[in-house]
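A.B. asks:
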Amino acid sequence: MRFCRTLLVNKFHKGRTRPQINTKAKPAPRNKLLARRNSHLKYREFPDCWLEPASSHTHKGLVKELFLIIISKLSSIYEQFQIWAKEYGPVYTIWLGEDPTVIVTDYEIMRDLFIKEGDVYAGRNLMGDLFKTFSVVKDDYGGVIRTEGDPWKVVRRFGLQSMRNLGVGRAGLEKHLLEDMERFIEQIKEEISENGGYNVNLQSKIERLAGTTVNRVTFGYPFDDEHMSEFYQIKHHLEEQTCLLSSLTGLMLITMPWLRYFPIFSQTFRKLDNNLTTCYEFIKRPINKRVSERMKQTPEERGEPNDLVDYFLDQIETGKDEYFSLKTIAPFCFDLFLAGQDTTSTTLNFLILYLILDQRVQSKMHKELDRLEEEKGRDGFDNSVTQADRGKLPFLNAVINETQRVCNLLPLNLTHRTMTDAQILEGKYHLRKGISIIPQICCVLFNEKIFPNPLRFEPERFLDDQGQLKRIEEFIPFSLGKRICMGESLAKTELFLFTANFFRHFQVLPVDPLHPPSSEKIKGFTVRLHHYNCRIILRTKKEF
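Residue numbers (my numbering): 787 to 1330.
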């Protein structure tokens, strides 16, 4: 099935014209690609997205190799992108299904394109054709992940300002996060008291804690006992959605949505559609409830906004902007919940795992926390570590940075799209408007010239000679440019407060030291880790 090709790598050679894709078939006219669609062979327009020398209108390129990235090998995609970069250079084209996509693997080039010319590369091409076929979305959808142009700019700016107003990254939200963290710690202590903490499932507890944070910011309430069933329902459907998208049929549907009409793929598509519908119903319930409440209240009775839903509904009522409506509020909240819950909880679970496997690092971090306790003269563990203490914990911050670098949540980064015609590499190549382009961040985070022994967990790489946290420009776990992660400030706050306060109280160990948990990543659309339990020991004041 030649039409099912997933990745096609192109090497650019001077003086050679682009060969036909199907060398055994009848040669296609220039800029045409023979494609099979709905059981019919037809020519379709071939997009002008090959890297093209500025001095010529002739496409140059040589099809070097054809790779079908099977899901069973997706976990090795980091290494594969680096291999291609060494062979073809820092910029090359791959095929994602029917769509050619430019891959950028060098940080300097990423900076030139996505920061210095950020507006040009701020478009988005992420499952757009597939997403618009889902019944709950159709052609009318908003949010901040898949949109581009003015709708994206306006809503993103609104989201960032609203989160600042809610105190994200500052003391305003910190109080609530620390209250949630204290309850989390008390639950762990109770479990240790009951069974000795010999076999604790931290993963699910961390997922709930991260879900509580993003739900509090978005909808204004935590996932307490009253709302526990809501959390597990949405978590189940999001996990199933990720698994479906990570399957071979799911990956092919992303790049070739028309395959949903074929029996092999129709079942996967129906499950994806049903899951998304259920997730949107979960998102819409608190929104509809809030709308009903506001209809019975005067503006004075409502008071100040307490969450993003309040801010969004206030914006709708002004009627000043077409991008704010009851149709676009659900995808906005869905994007924030999806990105905020899963990424933070996965990173924290990787951090726990890495410290279970490296007791040296954990012990060093404990000593730094103990020094902070002595310096501030705190009475035991009565007070929490706050963001004001961040500068006094350089090694702990280095551990967080190294965790983000090593776990690298996205095997393939989100796809950008050029908003205008563009030139790269000092005008050597042209990129047409609408071309898909990806800053492949794993190639930077695992670059051995920037991070020696890149596969090893070494937090010290983020410290200078004086033991202070140093800034590494190429450390870009939240991406870069105009499309940098909207929740970066919230995520950094969560990661720091959890790590500092959890490890002030506890030490984590493998349940069976002879058979420690695996750090191997589960292949998929996003990075996940294998389930593990751990032994937790309550640290006491005597250990100072």
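From the three backbone atoms N, C-alpha and C, an ideal C-beta is built for every residue, glycine too.
Apart from the five residues just before and just after A1125, which ones in its own chain have a Cβ nearer than 8 Å to its Cβ?
C.D. replies: Counting from one through the sequence shown, the residue named residue 1125 turns up at place 339. Correct list, in chain order: I931, C1271, M1272 and G1273.
A.B. asks: Restricting to Cα atoms, I'd like to know which of K1214, D885, R1218 and V1192 is closest to T1206.
C.D. replies: To locate residue 1206, count along the sequence shown from 1; it is residue 420. When only C-alpha atoms are compared, the closest one is R1218.
A.B. asks: Determine the closest residue to F920 out of N1061, K991, Y1318 and H1202, with distance taken between C-alpha atoms.
C.D. replies: Counting from one through the sequence shown, the residue named residue 920 turns up at place 134. The shortest C-alpha separation from F920 is found at N1061.
A.B. asks: How many angstroms separate the CA atom of K800 from the CA atom of E1212?
C.D. replies: The count along the sequence shown starts at 1 and reaches residue 800 at position 14. The count along the sequence shown starts at 1 and reaches residue 1212 at position 426. Note on K800: pLDDT 36, under 50, position unreliable in the model; no value is reported.
A.B. asks: Quick one: give me the first and last residue of the alpha helix (DSSP H) that W938 is part of.
C.D. replies: For the purposes of this step, residue 938 is identified with residue 152 of the sequence shown, where counting begins at 1. Residues G935 to N951.
A.B. asks: Is the stretch 1219–1236 touching the stretch 867–875, taking contact as three or more C-beta pairs under 8 Å?
C.D. replies: Enough Cβ pairs lie closer than 8 Å, so yes.
A.B. asks: So what does DSSP say about V1000, is it helix, strand or coil?
C.D. replies: Residue mapping note: residue 1000 aligns to position 214 of the sequence shown, counting from 1. Helix at V1000.
A.B. asks: For P1240, I'd like the list of residues in its chain whose CB is within less than 6 Å of its CB, leaving aside the five on either flank, ordered along the chain.
C.D. replies: In the sequence shown, residue 1240 corresponds to position 454, counting from 1. Hits under 6 Å: F1232 and E1234.
A.B. asks: Under the criterion of a Cβ to heavy atom distance below 7 Å, does Y878 qualify as lining the ligand SAM?
C.D. replies: You won't find the ligand SAM in this model; it holds no ligand whatsoever.
A.B. asks: Looking at C-beta atoms only, is the number of pairs between the stretch 1133–1145 and the stretch 963–970 that lie closer than 8 Å three or more?
C.D. replies: The stretch 1133–1145, when compared against the stretch 963–970, does not touch it at the 8 Å Cβ threshold.
A.B. asks: Would DSSP call D1128 helix, strand or coil?
C.D. replies: As a first step, residue 1128 must be located in the sequence shown, where it is residue number 342. DSSP places D1128 in helix when its eight states are reduced to three.
A.B. asks: CB-CB under 6 Å to Q989, same chain, minus the five flanking residues each way: which ones, in chain order?
C.D. replies: Walking along the sequence shown from the start, residue 989 turns up at place 203. Answer for Q989: N1135, listed in chain order.
A.B. asks: Restricting to Cα atoms, I'd like to know which of T891, I880 and L882 is closest to K872.
C.D. replies: Working through the sequence shown from its first residue, we reach residue 872 at position 86. Of T891, I880 and L882, the residue nearest in Cα terms is T891.
A.B. asks: Going straight from the alpha carbon of C1193 to that of L1315, what length do you get?
C.D. replies: Walking along the sequence shown from the start, residue 1193 turns up at place 407. Walking along the sequence shown from the start, residue 1315 turns up at place 529. Cα to Cα, the separation comes out at about 9 Å.
A.B. asks: Since I believe Q1019 is in contact with F1068 (beta carbons under 8 Å), could you give me their beta-carbon distance rounded to a whole number of angstroms?
C.D. replies: In the sequence shown, residue 1068 corresponds to position 282, counting from 1. In the sequence shown, residue 1019 corresponds to position 233, counting from 1. Between Q1019 and F1068 the Cβ distance is about 7 Å, and since that is below 8 Å, they are a contact.
A.B. asks: So for H1202, helix, strand or coil by DSSP?
C.D. replies: Taking the first residue of the sequence shown as 1, we reach residue 1202 at position 416. In the structure shown, H1202 sits in a strand (DSSP, three-state: E or B).
A.B. asks: Quick check: what's the CA-CA separation for R778 versus D1121?
C.D. replies: Since the displayed the chain opens at 787 and closes at 1330, residue 778 lies outside it and no answer follows.
A.B. asks: Would you identify the three-state DSSP class for D1100, choosing helix, strand or coil?
C.D. replies: Numbered from 1 along the sequence shown, position 314 holds the residue referred to as residue 1100. Residue state, collapsed to three classes: helix.
A.B. asks: Is it the case that the Cβ atoms of T1130 and A996 are separated by a distance below 8 Å?
C.D. replies: Working through the sequence shown from its first residue, we reach residue 1130 at position 344. Working through the sequence shown from its first residue, we reach residue 996 at position 210. Yes. Within cutoff.
A.B. asks: Which parts of the stretch 859–926 are runs of the alpha helix (DSSP H), unbroken and 4 residues or longer, counting only runs that do not cross its ends?
C.D. replies: Counting whole runs of 4 or more residues, the stretch 859–926 contains the alpha helix (DSSP H) stretches 863–874, 893–896 and 914–917.
A.B. asks: Could you check how far apart the C-beta atoms of L1195 and V1313 are, in whole angstroms? I think they sit under 8 Å.
C.D. replies: One-based indexing of the sequence shown puts residue 1195 at position 409. One-based indexing of the sequence shown puts residue 1313 at position 527. That pair is a contact at about 5 Å.
A.B. asks: Here's a check: name, in chain order, each residue in its chain whose Cβ is nearer than 6 Å to the Cβ of P1296, leaving out the five neighbours to either side.
C.D. replies: Position 510 of the sequence shown holds residue 1296. Within the same chain, P1296 has close Cβ partners I1142 and P1302.
A.B. asks: Taking its Cβ as the centre, do 16 or more other Cβ atoms sit within 10 Å of P1085, making it buried, or is it exposed?
C.D. replies: The residue given as residue 1085 occupies position 299 in the sequence shown. So P1085 counts as exposed.
A.B. asks: Decide yes or no for the touch test of the stretch 1318–1325 against the stretch 1287–1295: beta carbon pairs closer than 8 Å, at least 3 of them.
C.D. replies: Counting Cβ pairs under 8 Å, three or more are found: they touch.
A.B. asks: For the alpha helix (DSSP H) holding S1032, just list the boundary residues, first then last.
C.D. replies: Numbered from its first residue, the sequence shown carries residue 1032 at position 246. M1014 to S1032 is the extent of the alpha helix (DSSP H) around S1032.
A.B. asks: If you count every other CB in all the chains shown that lies within 10 Å of the CB of R830, and 16 or more means buried, which is it?
C.D. replies: Reading the sequence shown from its first residue, position 44 is the one you call residue 830. Here R830 scores only 32 on pLDDT, less than 50, and its place in the model should not be relied on; the value that follows carries that caveat. Exposed, by the Cβ-count rule.
A.B. asks: Taking all protein chains shown into account, do 16 or more other C-beta atoms lie within 10 angstroms of the C-beta of T1104, making it buried, or fewer, making it exposed?
C.D. replies: If you number the sequence shown from 1, residue 1104 lands on position 318. It counts as exposed.
A.B. asks: Any idea if M1151 is buried or exposed, counting beta-carbon neighbours within 10 angstroms, 16 or more meaning buried?
C.D. replies: Sequence index remark: in the sequence shown, residue 1151 carries index 365 (1-based). Per the 10 Å Cβ criterion, buried.
A.B. asks: Closest by CA to T1201, which one among L882, T1064 and F1288?
C.D. replies: As a working mapping, residue 1201 is identified with position 415 in the sequence shown. That would be L882, whose Cα lies nearest to the Cα of T1201.
A.B. asks: Could you tell me the alpha carbon to alpha carbon distance between L1249 and N1187, rounded to whole angstroms?
C.D. replies: Locating residue 1249 in the sequence shown gives position 463, counting from the first residue. Locating residue 1187 in the sequence shown gives position 401, counting from the first residue. Using only the alpha carbons, I get a separation of about 11 Å.
A.B. asks: Can you list, in chain order, the residues of its chain whose CB lies under 6 Å from that of L1058, leaving out five sequence neighbours each side?
C.D. replies: What you label residue 1058 is simply residue 272 of the sequence shown in a count that begins at 1. For L1058, where only same-chain residues beyond five positions count, the Cβ hits under 6 Å are L1030.
A.B. asks: Could you spell out the range, first to last residue, of the beta strand (DSSP E) harbouring P1296?
C.D. replies: Numbered from 1 along the sequence shown, position 510 holds the residue referred to as residue 1296. Looking at the DSSP string, the run of the beta strand (DSSP E) that includes P1296 is F1292 to P1296.
A.B. asks: In three-state terms, what does DSSP make of H1317?
C.D. replies: Looking up residue 1317 in the sequence shown gives position 531. If DSSP states are grouped into helix, strand and coil, H1317 belongs with coil.
A.B. asks: Closer than 8 Å by C-beta to E960: which residues in its own chain qualify, once you throw out the five before and the five after it? Chain order, please.
C.D. replies: The residue labelled residue 960 in the question sits at position 174 within the sequence shown. Answer for E960: G953, T1172, Q1173, T1279 and L1283, listed in chain order.
A.B. asks: Could you please give the first and the last residue of the uninterrupted alpha helix (DSSP H) stretch that includes Y1066?
C.D. replies: The residue labelled residue 1066 in the question sits at position 280 within the sequence shown. Segment P1049 to M1081, the alpha helix (DSSP H) holding Y1066.
A.B. asks: Counting along the chain, where does the beta strand (DSSP E) carrying S1301 start and finish?
C.D. replies: Numbered from 1 along the sequence shown, position 515 holds the residue referred to as residue 1301. Here residue 1301 turns out to be His, not Ser, going by the sequence shown. No beta strand (DSSP E) holds H1301; DSSP gives it neither H nor E.
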